[in-house]
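> Numbering (UniProt numbering), first residue to last: 1 to 285. A virtual CB, placed ideally from N, CA and C, is assigned to each residue, including glycine. All values reported here derive from a predicted model rather than from experimental measurement. Sending over a structure as structure tokens; questions will come in a sec.
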């Protein structure tokens, strides 16, 4: 079996297994705050980010790793590995996939780049499945094909924690922000085909959560999946409290909580909370 290096970006929310995996490497996003540039999860934590957001004079910005940064990493990995598999944030949310693809043309090691069409922990799920399939004997070509099928089965819904932050980051127009604030709107954002989409506009957070429970119920009745992931901006207590409620409603689903991360928090706000799952995780090599 050829030795594979796995690469992802800092929008992936890694669990302890992945954090400690010797063959997984993370390339950071950049975050610009009032002309200061930080590397996500390297010199800026989510806690530090949300504190800075309260006093910013200009809207925050994020940017993908450059082609040169990918090339530098891939050249280094070529010293110890025979091939690379990069599973990255949705190409409709960032240019990271493009940077990896361009860098792969400049190095002497084969690189398979996969557009996850997602971010945060659902991205990490794809990494873990890819590793599992390689261990079972799958080629990277087969792994890419299976992940591209798997990614079409995910459902992700998020209650945006801060309309103000969404507006300041350029993801919401001034009129939408004004009307949403006046009416206490809690938009539910879904990720469909790798892009953000306004799913519902609800008048309270409780009603928005109830609506997401309806989505979960509908999919569970049809697909009987085993795992679902709660995603949060900064406050894990909000996620764990909701998780306990969900466990009572869905005793056969394994729920777990993961942070969205600083690069995502720039746009969504610290009180953001969401839920995600895959309807098709059982495929074997």
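What's the gap between the Cα of residue 137 and the Cα of residue 95?
For residue 137 and residue 95, the distance between alpha carbons rounds to 31 angstroms.
> Determine the extent of the alpha helix (DSSP H) in which residue 77 is found, giving its start and end residues.
From DSSP, the alpha helix (DSSP H) with residue 77 extends over 67 to 77.
> Using a Cβ-Cβ cut-off of 6 angstroms (strictly less than) and excluding sequence neighbours within five positions of residue 197, which residues of its own chain qualify?
The residues are 190.
> Assuming residue 234 and residue 200 are in contact, meaning their beta carbons sit under 8 angstroms apart, how far apart are those beta carbons, in whole angstroms?
That pair is no contact at about 23 angstroms.
> Taking DSSP as the reference, what is the three-state secondary structure of residue 280?
Coil.
> Would you be able to state if there are at least three C-beta pairs under 8 angstroms between the stretch 255 to 269 and the stretch 40 to 53?
Yes: the two stretches touch, three or more of their Cβ pairs being nearer than 8 angstroms.
> Closest to residue 57 by C-alpha separation, out of 36, 257, 45, would be which residue?
It is 36 whose Cα lies nearest to the Cα of residue 57.
> So, at 7 angstroms on beta carbons, what are the nonlocal neighbours of residue 124 in its own chain, with the 5 sequence-adjacent residues on each side left out?
Cβ within range, chain order: 12, 13, 14, 15, 18.
> With DSSP collapsed to three states, give me the class of residue 37.
In the structure shown, residue 37 sits in a strand (DSSP, three-state: E or B).
> Grouping DSSP H, G and I as helix and E and B as strand, with all else coil, what is residue 223?
In this structure, residue 223 counts as helix in the three-state DSSP scheme.
> Identify, in the order they occur along the chain, each residue of the same chain with its Cβ nearer than 7 angstroms to the Cβ of residue 103, setting aside the five sequence neighbours on each side.
Contacts found: 67, 70, 71, 74.
> Between the Cα of residue 156 and the Cα atoms of 230, 205, 8, which residue gives the shortest distance?
Considering only alpha carbons, the answer is 230.
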